[in-house]
Amino acid sequence: MRSMSHPEDGTSRLPGYRPGCGPSRCPLPRPLCNLWPDNGYEDDILGPMIRALKASSEAALERQVVEVLLGVPYLPPTDAFYKLVDAADKSLRNAGLSSPRRAQHNGQYAGIDKGVNFDCLFPPPLDIQRGEEADDDLVVLAIEATRHSLSLSIWHAECTMWESIRQALQLFKLGSIALTVCREQQDPRCLHELERIVRQITAVPIDAGGSVYDRISAVVVFGEDAEDQDLNSVIRTVLQEQYSNSIIRLGTRASGQSGTFAASRGLAIMMWGITEAEEQRRRFELH
Numbered sequence: 198m199r200s201m202s203h204p205e206d207g208t209s210r211l212p213g214y215r216p217g218c219g220p221s222r223c224p225l226p227r228p229l230c231n232l233w234p235d236n237g238y239e240d241d242i243l244g245p246m247i248r249a250l251k252a253s254s255e256a257a258l259e260r261q262v263v264e265v266l267l268g269v270p271y272l273p274p275t276d277a278f279y280k281l282v283d284a285a286d287k288s289l290r291n292a293g294l295s296s297p298r299r300a301q302h303n304g305q306y307a308g309i310d311k312g313v314n315f316d317c318l319f320p321p322p323l324d325i326q327r328g329e330e331a332d333d334d335l336v337v338l339a340i341e342a343t344r345h346s347l348s349l350s351i352w353h354a355e356c357t358m359w360e361s362i363r364q365a366l367q368l369f370k371l372g373s374i375a376l377t378v379c380r381e382q383q384d385p386r387c388l389h390e391l392e393r394i395v396r397q398i399t400a401v402p403i404d405a406g407g408s409v410y411d412r413i414s415a416v417v418v419f420g421e422d423a424e425d426q427d428l429n430s431v432i433r434t435v436l437q438e439q440y441s442n443s444i445i446r447l448g449t450r451a452s453g454q455s456g457t458f459a460a461s462r463g464l465a466i467m468m469w470g471i472t473e474a475e476e477q478r479r480r481f482e483l484h
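Quick note: the sequence shown uses the numbering used here, first residue 198, plus one each step.
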């Protein structure tokens, strides 16, 4: 589903931008805009969709589905975000489902889907007993490019823990529709703003909770318009200027698949890894 953005997003600095108000600023699909702050909602908006997904999943798997995980674009921790998550949790309960954890972020799961992953099945001291070393931590740039907006976030990834460090969220004037209009009108301002945002987000040094990094380790570009040539050209140019050849080329292949699908696969990969780790831990403890 589409995410909500903070009113003070990066688009307020674009030339000719006029902030909207009320439902017109709602970046959710129209049926979900009833969940937008101050609009009020009483109906179980997500219920029919969740029940349909549950029924089709059970038919395909030939088994009952009782738990699900929810992945969303990176959202600022505002009342609007928690309101949407609470509404989703309520709809899940109404459909006879539960979620073992709160909603997680697409940037994280798309990174896992594209290979930004770690072999951290056992926490210390079990990994030491098995003679394994934990993978190094990474600084990951995740870029979600959709028709309507662009979101960038820097993540510090260590084992299965991902922490967001910097964000530029829901830039409505930098979605592929807006970029296409700029190209048709031969207006360079959109690309100039895109370059400015990328430079700002990727500027080094990067402080990750006390640890300081002088480079980005991996880049993940995902979403239905991740293969936009101008977008990829700007990202490549800025990063090459700042980091030369020091970037680890891990997960850099752009994909035109939807951000939701990439995140769903990442969710599945992560949960399979957790399940496998728990099973191996039980076997280890038995021996």
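Beta carbons are placed, not taken as given, at the ideal position from N, Cα and C, and that holds for glycine.
Should residue i go down as buried or exposed, given a rule of 16 or more other Cβ atoms within 10 Å for buried?
i	result
D384	exposed
K287	exposed
E341	buried
T399	buried
G420	buried
E259	exposed
V336	buried
S414	buried
Q382	exposed
A339	buried
E255	exposed
V378	exposed
A257	exposed
V395	buried
C387	buried
Q397	exposed
Quick one: grab the DSSP three-state call for residue i.
i	result
S350	strand
E341	strand
S253	helix
R363	strand
May I ask which residues mark the beginning and end of the beta strand (DSSP E) holding residue i?
i	result
V265	Neither: V265 is in no beta strand (DSSP E) and is coded neither H nor E.
Alpha carbons only, please: which of the options is nearest the one belonging to residue i?
i	options	result
N303	T343, K370, D241, L436	T343
L366	R396, S373, S350, T377	S350
R393	T434, V418, G244, V282	T434
R299	G293, N291, L281	L281
G407	L371, E360, R380	E360
D427	I413, D411, A354, L347	L347
A252	S373, Y279, D283, L294	L294
V401	A375, L338, Q439, A339	Q439
A249	V431, G372, N291, A307	N291
V416	Q364, W352, L289	W352
L266	F278, L388, I247, V431	I247
D422	V263, S296, L371	L371
A405	R363, F278, R396	R363
D425	S373, P245, A277, H345	S373
F369	L391, Q261, E355, R380	L391
P297	E264, L289, N429	E264
D334	V409, R380, F278, V418	V409
A284	L243, I403, D276, G268	L243
A307	T275, H389, A354	A354
R146	H345, Q437, F278	Nothing can be reported for residue 146: it is not among the residues displayed for the chain, which extend from 198 to 484.
L289	F278, D276, V262, T275	V262
Between which two residues does the alpha helix (DSSP H) holding residue i run?
i	result
T377	373-381
V259	The sequence as given places Glu at residue 259; Val does not occur at that position. Unbroken run through E259: none, as it is neither H nor E.
F278	276-291
For residue i and chain C, any beta-carbon pair shorter than 8 Å?
i	result
E421	You won't find chain C in this structure, because it holds only one protein chain.
Taking 7 Å as the cut-off, is the CB of residue i close to at least one heavy atom of the ligand HEM?
i	result
E255	Looking at this structure, you won't find the ligand HEM or any other ligand, since it has none at all.
- Query: Which full runs of the beta strand (DSSP E) of 3+ residues lie inside the stretch 384-452, going along the chain?
  - Reply: Counting whole runs of 3 or more residues, the stretch 384-452 contains the beta strand (DSSP E) stretches 403-405, 408-410, 415-419.
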